[in-house]
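Right, one structure below, let's go through it.
Chains as they are written, first to last, in the numbering used here: chain A, 1 to 502; chain B, 1001 to 1502.
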């Protein structure tokens, strides 16, 4: 029982407990970062064990009855300020969510995820989805159980979608994808009827060290604070953070493809600048965290596409690139460069897709996950479902499972409901960027001069500093005056591709 | 109360608890490694907090009553094997030791250490020991309290010495240093009466990347397993381990001094190969740890001095170095190189001292610590005490505190009793290496061929695989048939310097 009646004191107790849990979780994140960047091969086994222990301890500490009592008591206090109330409310939600799962359920889920991840690796080696289908079926069954435990109003998928974007649901996503499916198909057909653009200049030999140096200059130039972060090399680019003053990015370098490094650098820097902009004083508390994975993605996409694939960006950065790679790029002008980096081509691999067809990749995964959760299909049906939709939406024939339904790691991690954040993030990015253009006089000219400072300040002020104060929808309304409106995204695409494909 | 009567089951419980604690401690070590190598500057504050939390949790878990009851029960079981019994006995010792300190004492000590460390930094900036003397006095007082809490038989310093080398004590150290002081002084005088050797070839410009490449080839060549470790750059070279399959080293590179990198690489690789040779299956248990810091130092010194400063090593590695640095080293032959790298000169800085005068540096620190703990001097007397002994033992005039009594970080960390392990480690190294030479036919010829494989195997077999099964003295007796006998070290030095200084 709580005897102290001083709310400030109770809030301090709550804050200390949360910071201790954050210390453990972020220690875990350091170990994971190390695992992806510098871990010697033989160290993997013990590292897995160390990570499991830290996650167990964090879970134990976040589910103590003492914390529950404290949160209940704080929820009833009316002398906390709005930010404090929001922190307590969100923590209580997270706490209650965690308490719903028995230790046995969590352990079983972890085991099945481990098993699934390994069979996904094996399936990719064998290039055969059937190697993965059995374990995935077990995992899907558990995720359905999880949804039942969590509870939902309309659709069991909603419970899982909420994990990545609180407030997201099937109704909203169906409506969104239904609105965008046809316009995107029409736009794609139009583009395919026009003379195609050339991007072969990106596929030449670009030495690794020069690419690295350019990438470092690039992310510094965007506003990523190198004193509060660093860049390293990893197999798959990612952003991770241990607090807002230590937010790290990684990239990968393909010596035969410049694009791979350049736009992954901008994408990750977009994520990282969001984390660097979160309020330091809210460390360990919800308001010190990103609003949602959707809003996170809106920041990376905004920088990657609205800045990094704009004509203004090309005008500034092509000359810089030409200094690094004179031989390879001397014959390319800014307009050719702009067109080349925005080439639209239906393709097999989501992560390499252009800004238009990308959303077909996401839709297919969304539709597939929904069908699985509705029991409309089983995991054995996935390859057929997948291949049919690729043909239907993009006229793409999938040659094998590795380039098809085995390409993403997400399902093997039990991440069902994650993919939609990629599309929603893009849609929010377009809406935010439209607002930024209205609010910042001469933004395009600034970007053309390589100066993104006022854009970053605007994002910091409008979005970053709030942490989880608002959910995606609330934040969007606050920033742009309306909830998600995908016409901004459609208009952006139409305008862009009209200029490129005449 | 323990109800289960199955010893194997109880032992498993003990092992699981210890592994969980090890996971937390090694996670902490990863964060520290990152702090010394890759941490962005602004991340230091939160990192300190994260480390404090992990160390608090590890302490909490290692002092639970449940673990105490389990250890007591296991100590009374007679159906454990010798290794299991030794693990339990050592853990119980460590447990009881930890339980002696109240949480308040530990917190206070941590605070005073933090404060002292910062005033040491400030004192070095101001080049004035008096800035540090006050906080250090507080720390010395606490260390005396610590010694009283721990208890001792003859001298309060013994309680602290035990922390680094169980069984070490003032009586043994006095005897050891008394035996060696005069012979070393005599040897130094003899050397100073002979024509001096030239090592100026080490002080040229050696490009950083070439030094790095040589260092990597060097430690690989000694037998350091790069698949179970890695090398990075840090301000001060160190070795750290997260398990025997992930043991990392760092080095530093001075472009104007080749020696700095070369022998620090060999030294750290010596530490690291010991850790890589500890039994993997004993992870988290005493038998998975090094016997003592003295034995640890014996391994680094053995490789650094007995291998890395031998004529045989020079014969193999000078030609290799000449390939990396043809201009700088083409005019040097193996004999000149050997003489140069073994130059004896009384000097100010311990870490840069030769194999002979090094022990004067250690003796001075030992005598000073003992005098402090005996209340024979106060911290305010340290500069005078220090400077007088440097003059007395080595005829060296100390120009200022920074190059004098402010040079080592140890005291600011509260590490009193650490320095003697450096000398004892060297003495053990000589004794072990003499035994290795006897046991491995053709060892010198092998080293001359750049092959240290059989030496590493011998050390693995004789020393590494035992972990903490034996303390320093027991291990020495097991390996060499007698306890520490410093005549091996004296003979080694005399023989070496006779050949160099004729």
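Every residue gets a Cβ at the ideal spot worked out from N, C-alpha and C, and that includes glycine.
Please classify residue i as buried or exposed, where buried requires at least 16 other C-beta atoms within 10 Å of its C-beta.
| i | result |
| --- | --- |
| residue 1332 of chain B | buried |
| residue 96 of chain A | exposed |
| residue 1194 of chain B | exposed |
| residue 1244 of chain B | buried |
| residue 1075 of chain B | exposed |
| residue 1362 of chain B | buried |
| residue 1041 of chain B | exposed |
| residue 1143 of chain B | buried |
| residue 207 of chain A | exposed |
| residue 1260 of chain B | buried |
| residue 1070 of chain B | buried |
| residue 409 of chain A | exposed |
| residue 281 of chain A | exposed |
| residue 1375 of chain B | exposed |
| residue 99 of chain A | exposed |
| residue 1186 of chain B | exposed |
Are the CB atoms of residue j and residue i within a distance shorter than 9 Å?
| i | j | result |
| --- | --- | --- |
| residue 287 of chain A | residue 464 of chain A | no |
| residue 1503 of chain B | residue 1431 of chain B | The requested residue 1503 of chain B does not occur in the structure, where chain B is confined to residues 1001 to 1502. |
| residue 310 of chain A | residue 428 of chain A | no |
| residue 109 of chain A | residue 414 of chain A | yes |
| residue 131 of chain A | residue 154 of chain A | no |
| residue 1054 of chain B | residue 1031 of chain B | yes |
| residue 1497 of chain B | residue 1344 of chain B | yes |
| residue 993 of chain B | residue 1304 of chain B | Any answer about residue 993 of chain B is impossible in this case: the structure gives chain B only from 1001 up to 1502. |
| residue 12 of chain A | residue 197 of chain A | no |
| residue 20 of chain A | residue 56 of chain A | no |
| residue 1139 of chain B | residue 1373 of chain B | no |
| residue 1149 of chain B | residue 1101 of chain B | yes |
| residue 1105 of chain B | residue 1073 of chain B | no |
| residue 167 of chain A | residue 472 of chain A | yes |
| residue 358 of chain A | residue 300 of chain A | no |
| residue 1291 of chain B | residue 1107 of chain B | no |
| residue 274 of chain A | residue 459 of chain A | yes |
Assuming residue i and residue j form a contact by the criterion Cβ under 8 Å, report the distance between their Cβ atoms to the nearest whole angstrom.
| i | j | result |
| --- | --- | --- |
| residue 251 of chain A | residue 268 of chain A | 7 Å |
| residue 173 of chain A | residue 420 of chain A | 5 Å |
| residue 452 of chain A | residue 223 of chain A | 6 Å |
| residue 349 of chain A | residue 390 of chain A | Rounded, the Cβ-Cβ distance is 11 Å, inconsistent with contact. |
| residue 158 of chain A | residue 164 of chain A | Contact flag wrong, Cβ pair sits at about 12 Å. |
| residue 1067 of chain B | residue 1103 of chain B | About 16 Å; that fails the 8 Å criterion. |
Run through the DSSP bridge pairs and tell me what residue i is partnered with.
| i | result |
| --- | --- |
| residue 1249 of chain B | B:1231, B:1239 |
| residue 1257 of chain B | B:1254 |
Are the C-beta of residue i and some C-beta of chain A separated by less than 9 Å?
| i | result |
| --- | --- |
| residue 1275 of chain B | no |
| residue 1213 of chain B | no |
| residue 1053 of chain B | yes |
| residue 1062 of chain B | no |
| residue 1224 of chain B | no |
| residue 1180 of chain B | no |
| residue 1227 of chain B | yes |
| residue 1243 of chain B | yes |
| residue 1324 of chain B | no |
| residue 1045 of chain B | yes |
| residue 1283 of chain B | yes |
Within the 9 Å Cβ cut-off, does residue i reach chain B?
| i | result |
| --- | --- |
| residue 238 of chain A | no |
| residue 143 of chain A | no |
| residue 28 of chain A | yes |
| residue 204 of chain A | no |
| residue 49 of chain A | yes |
| residue 208 of chain A | no |
| residue 107 of chain A | no |
| residue 42 of chain A | yes |
| residue 24 of chain A | yes |
| residue 65 of chain A | no |
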